[in-house]
Amino acid sequence: MCLAAEALVATDGIGTATLRRVAVAAGQRNTAAVSYHFGNLEELLRAVVDMRLRDTEKDRCAIIHDMGVPLADFSAFDVWRCLTKPYFMLTDEQAQHAHIRFLMHMSVAGLLGDPFEAGPDRPGAPSINCLLDQLHDVQGSLPPMIGRARISLSGMMVWNAVALYDNRALGGEQPDLGLDALLADVEGLVRQILE
């Protein structure tokens, strides 16, 4: 059901997601099954975020390890790369970059505190919390609200770039750029925002 909800939101946005549509997309004959398991749509969407935090944890830990320096020595941009790269490594069963587009829709709808939503109450992804702590430490000279806004902006930029690129596959127009070129441009902007 989580994968069906993720694909539905990724393709159609939050506004069209209902528990009934998720149940149908998941192949459930009993449309009340989603309500039974998750209670409401918001809890189902939180379950998708939690599932993908767990799914990306191993890759995120490997990326941190492969950096070859202690986390305390990471720049803001290094942290950002460790936060975002695992989402590109996900195998999306239903649609390319489904979770990235899902995160974009969740962020736009105000359902995520930041694009890398995690916290002590979100078990399963301890590395993301360590990375966010490091990012806040690196930006220590900034007022906390400004630092958090920069983190949010940097995440939204990459999620939006990917959604824009994927738009052609969904029948829309797309800029005449390859995904690598588009992400390189976004990374350049993110580097300026964070450092």
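With the numbering used here as the guide, the letters of the sequence shown map in order to residues 176 to 370.
Just so you know, even glycine gets a beta-carbon here, dropped at the ideal spot from N, CA and C.
It should be emphasised that the depicted structure is a prediction, and the values quoted were computed from it without experimental measurement.
Starting from residue i, trace the alpha helix (DSSP H) both ways and give me its first and last residue.
i, result
"Val-313", "301-313"
"Glu-232", "216-241"
"Arg-276", "273-283"
"Val-254", "251-264"
"Val-199", "194-200"
Using 10 angstroms around the beta-carbon of residue i, count the other beta-carbons present and answer buried if the total reaches 16, otherwise exposed.
i, result
"Pro-261", "buried"
"Gln-314", "buried"
"Glu-370", "exposed"
"Gln-309", "buried"
"Arg-204", "exposed"
"Gly-363", "exposed"
"Gly-243", "exposed"
"His-182", "One detail in the question is off: residue 182 reads as Ala in this sequence, not His. It is buried - the Cβ of Ala-182 has at least 16 other Cβ atoms within 10 Å."
For residue i, which residues from the same chain have a beta carbon less than 7 Å from its beta carbon, with the 5 sequence-adjacent residues on both sides left out?
i, result
"Phe-213", "Leu-219 and Ala-222"
"Ser-302", "Glu-232, Arg-235, Cys-236 and Ile-239"
"Ala-284", "Ile-189"
"Cys-305", "Leu-246"
Are the beta-carbon atoms belonging to residue i and residue j less than 9 Å from one another?
i, j, result
"His-280", "Val-184", "yes"
"Thr-191", "Ala-273", "no"
"Gly-330", "Leu-258", "yes"
"Ala-201", "Leu-178", "yes"
"Ile-275", "Val-333", "yes"
"Val-224", "Leu-287", "yes"
"Leu-328", "Ile-368", "yes"
"Ala-180", "Val-199", "no"
"Val-365", "Phe-252", "yes"
"Asp-341", "Gln-271", "yes"
What residues in its chain sit with their C-beta under 8 Å from that of residue i, if we drop five residues either side in the sequence?
i, result
"Ser-210", "Leu-194"
"Asp-437", "The displayed coordinates of the chain run from 176 to 370. Any statement about residue 437 would go beyond what the structure contains."
Going by beta carbon distance, what residues of the same chain come within less than 6 Å of residue i, once the five residues before and after it are set aside?
i, result
"Val-254", "Leu-306, Gln-309 and Leu-310"
#### Entry: Ordered list of alpha helix (DSSP H) runs contained in the region 311-342, each at least 4 residues
Fully enclosed alpha helix (DSSP H) runs of no fewer than 4 residues occupy 319-341 of the region 311-342, in order along the chain.
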